[in-house]
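K.L.:
These protein sequence lines map, in sequence, to chains A and B. Taking numbering that gives the first Met the number 0 as reference, the numbering of the first sequence is continuous, increasing by one, and the terminal residue is 354. Taking numbering that gives the first Met the number 0 as reference, the numbering of the second sequence is continuous, increasing by one, and the terminal residue is 322. All C-beta atoms in this analysis are idealised placements derived from N, C-alpha and C, irrespective of residue type, glycine included. Computed from a prediction, not measured in an experiment: that's the story for all the values here.
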Amino acid sequence: MGAPLLEVENLKVHFETEDGLVKAVDGISYTVDRGQTLGIVGESGSGKSVSSLTVMGLTRSRNARISGTVRFNGKDLLGASEEDMRSIRGNDIAMIFQDPLSSLHPFYKVGAQIAEGVRAHRDVSKAQAWDRAVEMLSLVGIPEPRKRADAYPHEFSGGMRQRAMIAMALANDPKLLIADEPTTALDVTVQAQILELIERLQSEFDTAVVVITHDLGVVAEMADEISVMYAGRIVEKADTDTIFAAPEHPYTWGLLSSIPRLDASRDEELVPIPGRPPSLINLPGGCSFHPRCPYVREAHKKVDPKLEPVAGNPGHQSACLLDSSVRRKLWSELRTGVKPDEARADVMAAEEKAV
Amino acid sequence: MAAYIARRLLWVVFLLFTITCITFVIFSVLPSGDPAVARAGRSPSPQLVEVIRVQLGLDKSKPEQFINYIGDILPFVGGNGIYLGFSYQNNTDVLPEILERLPVTIFLATGAVILWLSIGIPLGVLSAVKTGSALDRIAMGIALLFISAPVYFFGLVALYLFDDQIGIWPILPGNSAYGEADSLLGKAEALIMPWCVLAAAFAAIYARFLRGNLIDTLQEDYIRTARAKGLSERRVIFRHGVRAAITPIVTLLGLDIGILLGGAILTETVFNIPGIGRYAFNAITVSDLPVIQGTVLFGAFFIVMMSLIVDILYAFIDPRVRY
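#1: Counting contacts by CB-CB distance shorter than 8 Å, is B/S231 in contact with chain A?
#2: Which residues in chain B sit within 7 Å of A/M221, going by Cβ to Cβ distance?
#3: Whole angstroms is fine: what's the gap from B/A5's alpha carbon to B/V12's?
#4: Would you list the residues sitting across from A/M228 in a DSSP beta bridge?
#5: Taking CB distances under 8 Å as the criterion, tell me whether A/N281 reaches chain B.
#6: Under 8 Å, with one C-beta from each stretch per pair, do the segment 205-215 of chain B and the segment 234-246 of chain B reach the 3-pair mark?
#7: At least one CB of chain A closer than 8 Å to the CB of B/Y177: is that the case?
#8: Less than 8 Å between CB atoms is the rule here; does B/D71 satisfy it with respect to chain A?
#9: If you run the structure through DSSP and keep just helix, strand and coil, what is A/A184?
#10: What's the gap between the Cα of B/G119 and the Cα of B/G110?
#11: Could you compute how far the alpha carbon of B/V28 sits from the alpha carbon of B/A176?
#12: Quick check on the burial criterion: 16 or more other C-beta atoms within 10 angstroms. Buried or exposed for B/A206?
#13: Is the beta carbon of B/A39 closer than 8 Å to that of B/I21?
#14: Let me make sure I understand the geometry here. Which of B/K186, B/P289, B/F270 and B/P121 has the alpha-carbon closest to that of B/I236?
#15: Report the residue from A/A178, A/Y229 and A/P246 whose alpha carbon sits nearest the alpha carbon of A/V217.
#16: What do you get for B/A1, buried or exposed, if any count of 16 or more other CB atoms within 10 angstroms of its CB means buried?
#17: Under 7 Å between beta-carbons, which chain B residues line up against A/H120? List them in chain order, please.
#18: First and last residue of the alpha helix (DSSP H) that includes B/V50?
#19: Can you list the residues of chain B that A/P105 reaches, using a CB-CB cut of under 8 Å?
#20: By the three-class DSSP mapping on this structure, what secondary structure does A/R70 have?
#21: What is the DSSP secondary structure of B/K186, reduced to helix, strand or coil?
#22: How about A/A148 and A/V210: do their beta carbons lie closer than 8 Å?
#23: If you check the beta carbons only, do A/M221 and A/L200 fall under 8 Å apart?
#24: What is the residue span of the alpha helix (DSSP H) that A/D214 lies within?
#25: With a threshold of 8 Å between beta carbons, is A/D214 in contact with chain B?
#26: To the nearest angstrom, how far is the alpha carbon of A/V234 from that of A/A170?
#27: What number of angstroms, rounded off, separates the C-alpha of B/L217 from the C-alpha of B/G240?
#28: Which residues of the segment 65-85 of chain A have a Cβ closer than 7 Å to any Cβ of chain B? Give them in chain order.
#29: State buried or exposed for B/R319, treating a residue as buried only when at least 16 other CB atoms are found within 10 Å of its CB.
#30: Counting Cβ pairs closer than 8 Å, one from the segment 275-284 of chain B and one from the segment 301-316 of chain B, do we hit at least three?
#31: Mind checking if B/T19 is an interface residue toward chain A, Cβ cutoff 8 Å exclusive?
#32: Here's the rule I'm using: 16 or more other beta-carbon atoms within 10 Å means buried, otherwise exposed. How should A/T355 be labelled?
#33: May I ask you to list the residues that DSSP assigns as paired with A/A93?
#34: Name the residues in the segment 44-66 of chain A whose C-beta lies less than 7 Å from a C-beta of chain B; which are they?
#35: B/Q88 lies in the beta strand (DSSP E); which residues open and close that run?
#36: In this structure, what does DSSP give as the bridge partners for A/N312?
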């Protein structure tokens, strides 16, 4: 199978600020293979966007301290020259963003913006680049593409704009597409269409995709593998089925309980995760999730959990200090609709007595 | 678009009428010298002043004076044609006097505009791209100095330093040189110092304004998109950044040109350039109401017309704007 397409190893992105060192990304590792889809899930401020912008070489703040390795097709990206990165951006690795209106230039026609990206990497005439733009617009399902290429972004609807962004991103047939919250700014009905479109084009172009989202629902359908990020670190990673069926981190449980499910009864209440994401300057000691974790124990406030394989499934890793057997019992209670506090009482009280 | 322009032009007429009223009221209500006395020369007899008062129509009631003046500025109504009234001081129609001075003012304004744009814009872009660098700090420090120094101070300093008759380094023709020069080249040479003095403050304002705008623009999502497409940094900054950041400059420039065409009063006075501004200044010193009215109206006309032109231009610059 050879080396993975994208290999991120122990990536750290810290920002020096007047208030202190912001550890936006604090040692994450993941790999993406050709044609594969990785979902990166987490709350705002968990470092998911910063990490992918860093992969693109777009973390431009002068106060950023970046370490670790990012290899794309075997080539080191963090050490690459700006010129090398420029030739990779938009060509081998493309990116789409959350808000398609603000991400498109208001003064240029949509076709021109796509053609510009083509001409940045291919030695083609303006007319050829324009034709490619029209072709891409038609591919992403925009009706009358030749006419629409001649329109400005504000003349498009939200969903159409995101389609145009996707057309722009895929115009150079990239090997990797990073989609940063691609559907967050869109209507629910349009969200599904956009996700379907990304999936369809992915199989057509054999592109690897990294989807960054705060919404597990977005990645449920399309991702092969999911990494859950919290406070700059990956706290759980597994294939998608495992994340939904047998998650082993309390934060993932929280995320799952806070989205509505079709198979749950209608009067079942959603359970939000209490508290707020921690300050990335003063992370809580020990497990950084401990202030919000319903199952916290005294020892968890001192020991920093490592991302370790879960017993019985080497592809499934979790950074939780709870014993694997306890986690499984807790999850089996939670999935039947038991509230976290009750689950804690049921499972852990017995456990604590035994200790 | 045509309906929009027609509507705007109606507003222009209304606005100019309002400005006329306001100028007249200010002149009538606020204390100013008696035009008849100013006209009568040194130690005039009361009888002479009275005669002049009657000649100039100043013996009539204020409303009557105003209606007479309106007759002077409106075609067909007063029967005098549009001459913007008759100067108390010079026995001449005002409009021909203004038009005679207009080329001088246009010459002064054009040179200054070209100068300040070619300094202000590159400096603004450089400072924005290299925010916090030594170049940025020095440029913005000097800009602040130029903005803070009024033209009448800065102009006098320039004369003190460079005037070819009184300057420490007598290298440039200075005060009154424009009127004395007889060739176009000589006139241009005479304007070098005024151009620089006039352009300094504007260049500083434009540089600071563009810098701030561009810094904000470079934070926009579409700049991130442009970089993500793999465009060269040069293209990102100019095609995507400056293109968006420079549009508000058009508004600023339009209004500034309008203001300058109405006469750069301070610059023209300091350097004794026979333009509209100097004409207006002289009129103020001798309470010559028709000339003051005329120059104010003329200046106002340029300003409202330029703002109309700017608004129309905007529809071409920014595709989101439609009328």
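P.N.:
Short version:
#1: Stepping through the second sequence from its first residue, residue 231 of chain B is reached at position 232. Chain A contact via Cβ: present.
#2: Numbered from 1 along the first sequence, position 222 holds the residue referred to as residue 221 of chain A. By Cβ distance, chain B contributes nothing, its closest Cβ being about 21 Å from A/M221, past 7 Å.
#3: Translated into positions along the second sequence, residue 5 of chain B becomes position 6. Translated into positions along the second sequence, residue 12 of chain B becomes position 13. Computed Cα separation, rounded: 11 Å.
#4: Working through the first sequence from its first residue, we reach residue 228 of chain A at position 229. Note: A/M228 sits in a beta bridge opposite A/I233.
#5: Translated into positions along the first sequence, residue 281 of chain A becomes position 282. Residue-level contact check: A/N281 does not touch chain B, since none of the beta carbons of chain B fall below 8 Å from its beta carbon.
#6: Contact holds: three or more Cβ-Cβ distances are below 8 Å.
#7: Residue mapping note: residue 177 of chain B aligns to position 178 of the second sequence, counting from 1. Not one chain A Cβ lies under 8 Å of B/Y177.
#8: For the purposes of this step, residue 71 of chain B is identified with residue 72 of the second sequence, where counting begins at 1. Under the 8 Å criterion on CB atoms, B/D71 is classed as non-interfacial with respect to chain A.
#9: To locate residue 184 of chain A, count along the first sequence from 1; it is residue 185. Of the three classes helix, strand and coil, the one that applies to A/A184 here is coil, per DSSP.
#10: What you label residue 119 of chain B is simply residue 120 of the second sequence in a count that begins at 1. What you label residue 110 of chain B is simply residue 111 of the second sequence in a count that begins at 1. Roughly 14 Å between the two C-alpha positions.
#11: One-based indexing of the second sequence puts residue 28 of chain B at position 29. One-based indexing of the second sequence puts residue 176 of chain B at position 177. In a straight line, the C-alpha of B/V28 is about 38 Å away from that of B/A176.
#12: Position 207 of the second sequence holds residue 206 of chain B. Buried is the call here.
#13: Along the second sequence, one-based indexing puts residue 21 of chain B at 22. Along the second sequence, one-based indexing puts residue 39 of chain B at 40. No, they are not a contact pair.
#14: As a first step, residue 236 of chain B must be located in the second sequence, where it is residue number 237. The option with the nearest alpha carbon to B/I236 is B/P121.
#15: Residue numbering aside, residue 217 of chain A sits at position 218 when the first sequence is read from its first letter. A/V217 has its Cα closest to that of A/A178, out of A/A178, A/Y229 and A/P246.
#16: Along the second sequence, one-based indexing puts residue 1 of chain B at 2. Looking at its Cβ environment, which holds fewer than 16 other Cβ atoms inside 10 Å, B/A1 is exposed.
#17: Along the first sequence, one-based indexing puts residue 120 of chain A at 121. A/H120 reaches chain B at G229, counting residues in chain order whose Cβ is nearer than 7 Å.
#18: As a position in the second sequence, residue 50 of chain B is number 51, starting the count at 1. If you look at B/V50, you'll find it in the alpha helix (DSSP H) that goes P45 to Q54.
#19: Residue 105 of chain A sits at position 106 when you count from the first residue of the first sequence. Neighbours of A/P105 on chain B, chain order: Y221, A243, D317, P318 and R319.
#20: Within the first sequence, numbered from 1, the residue matching residue 70 of chain A stands at position 71. Here A/R70 sits in strand by DSSP.
#21: Here residue 186 of chain B refers to the residue found at position 187 of the second sequence. In the structure shown, B/K186 sits in a helix (DSSP, three-state: H, G or I).
#22: Position 149 of the first sequence, counting from 1, holds the residue named residue 148 of chain A. Position 211 of the first sequence, counting from 1, holds the residue named residue 210 of chain A. Taking 8 Å as the Cβ cut-off, A/A148 and A/V210 do not qualify as a contacting pair.
#23: To locate residue 221 of chain A, count along the first sequence from 1; it is residue 222. To locate residue 200 of chain A, count along the first sequence from 1; it is residue 201. Cβ distance not < 8 Å, so A/M221 and A/L200 don't count as in contact.
#24: By one-based count along the first sequence, residue 214 of chain A stands at place 215. Taken as a continuous stretch (DSSP letters only), A/D214 belongs to no alpha helix (DSSP H), as it is neither H nor E.
#25: For the purposes of this step, residue 214 of chain A is identified with residue 215 of the first sequence, where counting begins at 1. Judged by the 8 Å Cβ criterion, A/D214 is not in contact with chain B.
#26: Along the first sequence, one-based indexing puts residue 234 of chain A at 235. Along the first sequence, one-based indexing puts residue 170 of chain A at 171. When rounded, the distance between both Cα atoms is 35 Å.
#27: Looking up residue 217 of chain B in the second sequence gives position 218. Looking up residue 240 of chain B in the second sequence gives position 241. Distance between the alpha carbons of B/L217 and B/G240 is about 6 Å.
#28: In summary, the residues of the segment 65-85 of chain A whose CB is separated from some CB of chain B by less than 7 Å are R85, in the order they occur in the chain.
#29: In the second sequence, residue 319 of chain B corresponds to position 320, counting from 1. Exposed, since its Cβ has fewer than 16 Cβ neighbours within 10 Å.
#30: No, the segment 275-284 of chain B does not touch the segment 301-316 of chain B.
#31: On the second sequence, residue 19 of chain B is found 20 positions in, with the first residue counted as 1. So no, B/T19 is outside the interface.
#32: Since the first residue shown for chain A is 0 and the last is 354, residue 355 of chain A is missing from the structure and cannot be characterised.
#33: Residue numbering aside, residue 93 of chain A sits at position 94 when the first sequence is read from its first letter. A/A93 is bridged to A/L176.
#34: Of all residues in the segment 44-66 of chain A, M55 and L57 have a Cβ within less than 7 Å of some Cβ in chain B.
#35: As a working note, residue 88 of chain B is residue 89 in the second sequence. Per DSSP, B/Q88 belongs to no beta strand (DSSP E) and is neither H nor E.
#36: As a first step, residue 312 of chain A is located in the first sequence; it is residue number 313 there, counting from the start. Beta-bridge pairing links A/N312 to A/V309.
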